[in-house]
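Visitor:
Chains as they are written, first to last, in UniProt numbering: chain S, 1 to 262; chain D, 1 to 355.
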């Protein structure tokens, strides 16, 4: 969004004051309300749609396939599509590569194992229908809800198929819930001495930097990195801000997960 | 802390649209079939809600206005909206859609492009509006001719992204608008924050600049663009004397740096510098408390828009007062709280017998 100089200055002044005065009056640790729909795509194993209060909308579908483990290395593939952006644009590629790496790194591939020989491979398709702010947090929440609602067919053949040349067979209609630890990611914006979660688009436009913090298995995990939220004001960050954002996420993440699960 | 970090609404049963109404829609459909059906020779009543393709009248005497089409001597609605009848002219005013400019509207726009002797301004309409270099007040002069040097420094006055309020001077054949800022009320916007609502929500009135309690001024652009700012001296002056359309000669007197005699003397350097202020990019110092008030106003206006309540000065003030029940401004982004504020405003109006 283009803003005038006076708007930007006003916003910057507001955000660097202690405590930060956000344009919609939120606390520094307050997210915007979201709506979650799960399990609405009949042809996929798990799906979710998240709508944020600013109109950002994201649909995630999870599909699975049985693959031979000796032939496939990566058991999770994420595909990202953002409306209005080319597939080779930096934002789409950055988000896709972050998601691919985080999910492969943090999800234990053993949890997808079906038999000695075969495994489930998950295809996660992310479609951002409209985005007004950096969509990574929202995508990550959507992936979390989609994977949590994923139902995979129940295996009825034997698990030990190393010696027998047998393809896995499944129950006709019984499904079992996918049980994996799903990482979630938070974007934070650094404004002066302050760190704020879930920056809105106007806040991103004047932020001096963005920090991405990943939360997995009850603790902050890799990767923690910076995100450039705008091209105009991006500056380096003080290590204190990094420590502060990690501390903030350590307090927030359990509450967010509780809200998403509850 | 009492406020939720993240409020999540879950919907499990099947796919639902976000904007789905919670009321049962069956009764509406029946009503449309039983009572509102257009019989031959009749015309849908003024204010009836019609959907695209619905028969409005089969009487050929009606003139067909916007939002209608004509097929085999019958007039149908081409948009979803309300039927409007003016004399013999039948039109359908759409419920949603882009802002349609009308001459005399007070709008807020954002500069999209600087061109040859004109600015292109985004006012949320189908086309960009045009602001001619000749339709603005330039620094240093009362109403002087625009010179070539003015053309060269157009970006010093207004550049891409700048917000301004203006009046629609005239409309072109294709429906795009031409703006002017030839009044003290109009010009570049400073000292505040911008928000946007759907344009049909803004109720047209005589005045669109209102001084609200808490030293905040709101400009409700007819195009749905809203500017909230610290009340300036000019705002106070226009409120006190209520003189609209002050001419540019009084500008330098009212905008702060008033020097006795500077109006009568020909254009001095001092005056030239002071009137550059109208194109300044600097904000005045604004106290924290006022910024908080501005944030609260911006949230209550969003709440009104969320509840689809037409936005007027009285309602903004009423909603602001109702919002005082929530001490934390950030709690106003919650859907339930927005709806309860909207309900409060409606109830208050019903009590007074306005609704």
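Cβ coordinates follow ideal geometry from the N, Cα and C atoms, glycine included.
Look at the alpha carbon of residue 33 of chain D and the alpha carbon of residue 54 of chain D, and state the distance between them as a whole number of angstroms.
Guide: In the second chain, the residue the question calls residue 33 of chain D occupies position 33. In the second chain, the residue the question calls residue 54 of chain D occupies position 54. Annotation note: pLDDT 44 at residue 33 of chain D (below 50); position unreliable, no value reported.
Visitor: Please give me, in chain order, every unbroken run of the beta strand (DSSP E) with length at least 3 that falls completely inside the segment 171-230 of chain D.
Guide: Correct list: 177-180, 192-196, 209-212, 216-220, 225-230.
Visitor: Residues of chain S with CB closer than 7 Å to the CB of residue 160 of chain D, please, in chain order.
Guide: By 1-based counting over the second chain, the position of residue 160 of chain D is 160. 2, listed in chain order.
Visitor: Just the chain D side, please: which residues come within less than 8 Å of residue 33 of chain S by C-beta, in chain order?
Guide: Position 33 of the first chain, counted from the start, is the residue given in the question as residue 33 of chain S. Under the 8 Å cutoff, chain D gives 6, 7, 8, 9, 333, 334, 335.
Visitor: Quick one: what's got a C-beta closer than 8 Å to residue 156 of chain D's C-beta in the same chain, skipping five residues either side?
Guide: Here the question's residue 156 of chain D lines up with position 156 in the second chain. These residues qualify, in order along the chain: 279.
Visitor: Residues of the segment 6-34 of chain S with a CB closer than 8 Å to any CB of chain D: list them in chain order, please.
Guide: Those residues of the segment 6-34 of chain S that come within reach of chain D (Cβ to Cβ, closer than 8 Å) are 6, 7, 9, 10, 11, 13, 14, 17, 21, 22, 23, 24, 25, 26, 27, 29, 30, 31, 32, 33, 34.
Visitor: Between residue 81 of chain D and residue 50 of chain D, is the Cβ-Cβ spacing less than 8 Å?
Guide: Locating residue 81 of chain D in the second chain gives position 81, counting from the first residue. Locating residue 50 of chain D in the second chain gives position 50, counting from the first residue. For residue 81 of chain D and residue 50 of chain D, yes; Cβs fall inside 8 Å.
Visitor: What residues match up with residue 274 of chain S in a beta bridge as DSSP calls it?
Guide: Nothing about residue 274 of chain S can be read from this structure; chain S reaches only from 1 to 262.
Visitor: Provide the residue span of the beta strand (DSSP E) that contains residue 77 of chain D, from first to last.
Guide: Here residue 77 of chain D is taken as the residue at index 77 of the second chain, counted from 1. Unbroken beta strand (DSSP E) run through residue 77 of chain D: 74-77.
Visitor: Assess, as a yes-or-no matter, whether the segment 54-62 of chain S is touched by the segment 222-240 of chain S under the definition of 3 or more beta carbon pairs within less than 8 Å.
Guide: With the cut-off at 8 Å, the segment 222-240 of chain S and the segment 54-62 of chain S do not touch.
Visitor: Return the chain-ordered list of same chain residues with a C-beta closer than 6 Å to the C-beta of residue 334 of chain D, the five sequence neighbours on each side being excluded.
Guide: Here residue 334 of chain D is taken as the residue at index 334 of the second chain, counted from 1. Result list for residue 334 of chain D: 7, in chain order.
Visitor: Just grab the DSSP bridge partners of residue 277 of chain S for me.
Guide: With chain S running from 1 to 262 in the structure shown, residue 277 of chain S is simply not present.
Visitor: Would you kindly report the start and end of the unbroken alpha helix (DSSP H) that includes residue 116 of chain S?
Guide: Taking the first chain and counting its residues from 1, one reaches residue 116 of chain S at position 116. Neither: residue 116 of chain S is in no alpha helix (DSSP H) and is coded neither H nor E.
Visitor: Tell me, please, whether the CB atom of residue 289 of chain D is closer than 8 Å to any CB atom in chain S?
Guide: By 1-based counting over the second chain, the position of residue 289 of chain D is 289. Closer than 8 Å: no.
Visitor: Going by DSSP, name the residue or residues bridged to residue 66 of chain S.
Guide: Stepping through the first chain from its first residue, residue 66 of chain S is reached at position 66. In DSSP, residue 66 of chain S forms a bridge with S:120.
Visitor: Could you pull the DSSP bridge partners for residue 94 of chain D from this structure?
Guide: For the purposes of this step, residue 94 of chain D is taken as the residue at position 94 of the second chain. Paired residues: D:81.
Visitor: In three-state terms, what does DSSP make of residue 217 of chain S?
Guide: Taking the first chain and counting its residues from 1, one reaches residue 217 of chain S at position 217. If DSSP states are grouped into helix, strand and coil, residue 217 of chain S belongs with coil.
Visitor: In chain order, what residues of the same chain lie with their CB nearer than 8 Å to the CB of residue 210 of chain S, ignoring the 5 residues before and after it?
Guide: Along the first chain, read from residue 1 onward, the residue named residue 210 of chain S stands at position 210. The answer, listed in chain order, is 134, 187, 188, 189, 190, 199, 204, 226, 227, 228, 229.
Visitor: By alpha-carbon positions, which one of D:119, D:125, D:290 ends up nearest to residue 152 of chain D?
Guide: Working through the second chain from its first residue, we reach residue 152 of chain D at position 152. Nearest option by C-alpha distance: D:119.
Visitor: Quick test of the definition: if touching needs 3 or more C-beta pairs under 8 Å, does the segment 129-149 of chain S touch the segment 157-174 of chain S?
Guide: Segments in contact, no.
Visitor: Quick check on residue 59 of chain S - is its C-beta less than 8 Å from some C-beta in chain D?
Guide: Indexing the first chain from 1 puts residue 59 of chain S at position 59. No, residue 59 of chain S lies away from the interface with chain D (no Cβ there is under 8 Å from its Cβ).
Visitor: With DSSP as the reference, label residue 189 of chain S as helix, strand or coil.
Guide: Looking up residue 189 of chain S in the first chain gives position 189. Three-state result, residue 189 of chain S: strand.
Visitor: Please state whether DSSP places residue 159 of chain S in a helix, a strand or coil.
Guide: Position 159 of the first chain, counting from 1, holds the residue named residue 159 of chain S. Of the three classes helix, strand and coil, the one that applies to residue 159 of chain S here is coil, per DSSP.
Visitor: Return the chain-ordered list of same chain residues with a C-beta closer than 6 Å to the C-beta of residue 107 of chain S, the five sequence neighbours on each side being excluded.
Guide: Residue numbering aside, residue 107 of chain S sits at position 107 when the first chain is read from its first letter. 180.
Visitor: Can you check DSSP and say which residues form a bridge with residue 130 of chain D?
Guide: As a working mapping, residue 130 of chain D is identified with position 130 in the second chain. DSSP lists D:120, D:178 as partners of residue 130 of chain D.
Visitor: Under 7 Å: does the beta carbon of residue 246 of chain S sit that close to some heavy atom of the ligand FMN?
Guide: Absence of the ligand FMN is noted for the structure shown, with no ligands found whatsoever.
Visitor: If contact is defined by three or more beta carbon pairs under 8 Å, each pair taking one atom from either stretch, is the segment 57-65 of chain D in contact with the segment 73-89 of chain D?
Guide: Counting Cβ pairs under 8 Å, three or more are found: they touch.
Visitor: Based on the DSSP output, what are the partners of residue 151 of chain S in its beta bridges?
Guide: The count along the first chain starts at 1 and reaches residue 151 of chain S at position 151. S:177.
Visitor: Interface residues of chain S around residue 299 of chain D at Cβ under 8 Å?
Guide: Working through the second chain from its first residue, we reach residue 299 of chain D at position 299. Within chain S, the residues near residue 299 of chain D are 24, 25.
Visitor: Which partner residues of residue 143 of chain S appear in the DSSP bridge assignment?
Guide: The count along the first chain starts at 1 and reaches residue 143 of chain S at position 143. Answer is none; residue 143 of chain S lacks a bridge partner.
Visitor: Residue 199 of chain D and residue 223 of chain D - do their beta-carbons sit closer together than 8 Å?
Guide: As a working mapping, residue 223 of chain D is identified with position 223 in the second chain. As a working mapping, residue 199 of chain D is identified with position 199 in the second chain. Yes; because the gap between Cβ atoms is below 8 Å, this pair is in contact.
Visitor: Kindly list, in the order they appear in chain D, the residues whose Cβ is closer than 9 Å to that of residue 89 of chain S.
Guide: For this step, residue 89 of chain S is matched to residue 89 along the first chain. Within 9 Å Cβ-Cβ: nothing; residue 89 of chain S doesn't reach chain D, min ~22 Å.
Visitor: 8 Å is my cut-off, CB to CB: does residue 116 of chain D come that close to chain S?
Guide: For the purposes of this step, residue 116 of chain D is taken as the residue at position 116 of the second chain. Output row for residue 116 of chain D: interface = no.
Visitor: DSSP three-state label for residue 27 of chain D, please.
Guide: Residue 27 of chain D sits at position 27 when you count from the first residue of the second chain. Interpretation of residue 27 of chain D is limited by its pLDDT of 42, a score under 50 that renders its predicted location unreliable; the figure taken from the coordinates is listed afterwards. Reduced to three states, the DSSP call for residue 27 of chain D is helix.
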